[in-house]
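> Please read through the structure below; I'll follow up with questions.
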Amino acid sequence: MRLVSTHVHPVKSLAGVDVDHATVEPWGLRHDRRWVLLQPDGAVLTARTTPGTLGLTATPGPGSITLTDRHAASLTVAEPVDGSPAGTTLSRLDTLRLAAAEAHDWLSERLGRRVRLAWLDDPRRRPVSATHGGRPGDPLNLSDAGPLLLATLPSLRRLRDWIVEGALERGEPAPDPLPMARFRPTVVLDGPVEPFAEDGWARVRIGAVDFRVAERCDRCQLTLIDPETLTRGKEPIRTLARHRRQDGKTWFGVRLIPVTTGGISVGDPVVAG
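Numbering-wise, the sequence shown is residues 1 to 273 according to full-length UniProt numbering.
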């Protein structure tokens, strides 16, 4: 197997960027999910309720991120190392640091609602929950449950086949292939493995970096939103519910927790088992 793509999403629920090389830190990939949008009451704003967030891209830079909309307007925002603390409803975390007011205004104008941009200064303040495979001392960025999300192309190909089969059974035309971006993975693998083989893995080594498989990833309504058109459909949840439903949830991919740290690059060999 090989690592075929790596994805960093600096702001939770915004579009991210593909990178050829990434640095694995104890809480996830460097720059990944360190920022979040907050509503005025401190609740987290996500694409589940506001799909327009997926139309904005966040690109990491030295001590900053650059926000870009679909009209190519952009704004660079510095990490608010001395920013005012703001309360949040995010699990296992009390406060975040607010970015400059200019960032709040820029985002609010584009999303049509008042939001604030906040940054996690130290991921060691937020542990991985034991219910999601966390052990004492495992830190977490602003991801929902695990530092990294791994997906494989053999599993995506099988899912695509199931979606086409279902469409033909309903007398519908075959849809375009579902993009991996629907699942917002951190790392994507390809190689001669069976679809969904990752369900049974306990350990993964990418290049020289070791990871522990914490759990399978249950999929939410966010996967129903097309990241290009921002419209909501029925796939892939409809098909996952038919073929990959267990314990009342649908499953695709696995969550990883770093055991060691270091660099990983597209093309690195992967060993799992």
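Here a beta-carbon is modelled for each residue, glycine too, at the ideal position from N, C-alpha and C.
Note that the structure is a prediction, hence the values are computed from the model and not measured.
(1) Just the C-alpha distance for SER74 and ARG170, rounded to the nearest angstrom, thanks.
(2) What are the complete alpha helix (DSSP H) segments, minimum 4 residues, inside the UniProt domain "MOSC" (121-273)?
(3) When you compare the CB of ARG30 with every CB in chain D, is at least one pair closer than 8 Å?
(4) Helix, strand or coil: which one does DSSP assign to LEU117?
(5) According to the Cβ coordinates, are residue 274 and THR260 closer than 8 Å?
(6) Could you tell me which uninterrupted beta strand (DSSP E) segments, each at least 3 residues in length, are contained entirely in the region 68-100, listed from first to last along the chain?
(7) Note down the Cα distance separating SER265 from LEU3, rounded to an integer number of angstroms.
(8) Measuring alpha carbon to alpha carbon, tell me which residue in VAL187, SER13 and LEU230 is nearest VAL19.
(9) Measure how close the beta-carbons of VAL17 and LEU90 come, nearest whole angstrom, since I'm counting them as under 8 Å.
(10) Given VAL11, which residues of its chain have a CB within under 6 Å of its CB, disregarding the five upstream and five downstream residues?
(11) Answer with buried or exposed for ARG232, where buried requires no fewer than 16 other C-beta atoms within 10 angstroms of its C-beta.
(12) Please report how far the alpha carbon of THR239 lies from the alpha carbon of ALA167, in whole angstroms.
(13) Could you tell me how far apart the beta carbons of ARG219 and PHE252 are, in whole angstroms, since I believe they sit closer than 8 Å?
(14) Note down the Cα distance separating PRO192 from ARG182, rounded to an integer number of angstroms.
(15) My output table needs one value for ALA103: the three-state DSSP class, helix, strand or coil.
(16) Below 8 Å on the Cβ atoms is my contact criterion, and I expect PRO125 with LEU156 to pass it. Report the Cβ-Cβ distance as a whole number of Å.
(17) Smallest Cα separation from GLU172: which of VAL164, PRO179 and LEU178?
(18) So is VAL81 buried or exposed if we call it buried at 16+ other beta carbons inside 10 Å?
(19) Can you list, in chain order, the residues of its chain whose CB lies under 7 Å from that of GLU79, leaving out five sequence neighbours each side?
(20) Where does PRO40 sit, in a helix, a strand or coil, going by DSSP?
(21) May I have the straight-line CA-CA distance separating TRP273 from THR53, to the nearest angstrom?
(22) Would you report the Cα separation of ARG110 and VAL270, rounded to the nearest angstrom?
To lay it out plainly:
(1) Between the alpha carbons of SER74 and ARG170 lies a distance of about 44 Å.
(2) 153-169 and 237-243
(3) The chain labelled as chain D is not found in the depicted structure, where only one protein chain is given.
(4) strand
(5) In this structure the chain extends from 1 to 273, so residue 274 is not present and cannot be described.
(6) 74-78, 85-87 and 95-98
(7) 7 Å
(8) VAL187
(9) VAL17 to LEU90, Cβ: 23 Å. No contact.
(10) TRP35 and ALA58
(11) exposed
(12) Spanning the two alpha carbons is a distance of roughly 10 Å.
(13) 5 Å
(14) 23 Å
(15) helix
(16) Looking at the sequence provided, one finds Arg at residue 125 rather than Pro. ARG125 to LEU156, Cβ: 34 Å. No contact.
(17) For GLU172, the nearest C-alpha among the options comes from VAL164.
(18) Taking a 10 Å sphere around the C-beta of VAL81, we find fewer than 16 other C-beta atoms and assign the residue as exposed.
(19) GLY63, SER64 and TRP119
(20) coil
(21) Sequence check: residue 273 is Gly here, not Trp. Between GLY273 and THR53, the C-alpha separation is close to 36 Å.
(22) 40 Å
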